[in-house]
Amino acid sequence: GMSCMVVTGILTEGSGKFGTVSGTINMAWAAAAAVSNVSIGFIADQSYEVAFYICGAFGVLTLILVMMLKIESIYDTEALDKRSISLMIKVASITSSHSFQH
Numbered sequence: 019g020m021s022c023m024v025v026t027g028i029l030t031e032g033s034g035k036f037g038t039v040s041g042t043i044n045m046a047w048a049a050a051a052a053v054s055n056v057s058i059g060f061i062a063d064q065s066y067e068v069a070f071y072i073c074g075a076f077g078v079l080t081l082i083l084v085m086m087l088k089i090e091s092i093y094d095t096e097a098l099d100k101r102s103i104s105l106m107i108k109v110a111s112i113t114s115s116h117s118f119q120h
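Using my numbering, the first residue of the sequence shown is number 19, and each one after it goes up by one.
1) Going by C-alpha distance, which of 47, 48, 72 is nearest residue 59?
2) To the nearest angstrom, report how far apart residue 63 and residue 82 are at their CA atoms.
3) Return helix, strand or coil for residue 88, following the three-state DSSP convention.
4) To the nearest whole angstrom, what separates the beta carbons of residue 40 and residue 23, a pair I think is in contact under 8 angstroms?
What follows is the structure, encoded as structure tokens:
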């Protein structure tokens, strides 16, 4: 769910098409869920073992395809060392404590 929106946001950044692409992805996702329930249900009525293997194969295929994606992160991993993370936490705690005092 959430990772799909993050990847969609990265791929459509600056195009102004996030809503359209996100809606299309959700529509395809819902259609695939409906079709897969009916088709795998039919196969499971014939052979539960075959249906199990087919579902497992789709899971492995999805994992392989996601691993093949080469998406550059907007975060610089070298900049997030322990010192900068602890500084960000301190700033956030100071900021939140000042907001409660008003």
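Beta carbons: idealized from backbone N, C-alpha and C, even for Gly. Since the structure is predicted, the reported quantities are computational estimates derived from the model, not experimental observations.
On the basis of the data shown:
1) For the purposes of this step, residue 59 is taken as the residue at position 41 of the sequence shown. Comparing Cα positions, the closest option is 72.
2) Numbered from its first residue, the sequence shown carries residue 63 at position 45. Numbered from its first residue, the sequence shown carries residue 82 at position 64. The alpha-carbon atoms of residue 63 and residue 82 are separated by roughly 29 angstroms.
3) As a working note, residue 88 is residue 70 in the sequence shown. Residue 88: coil per DSSP, three-state reduction.
4) By one-based count along the sequence shown, residue 40 stands at place 22. By one-based count along the sequence shown, residue 23 stands at place 5. Going by Cβ atoms, the distance from residue 40 to residue 23 rounds to 7 angstroms, so yes, they are a contact pair.
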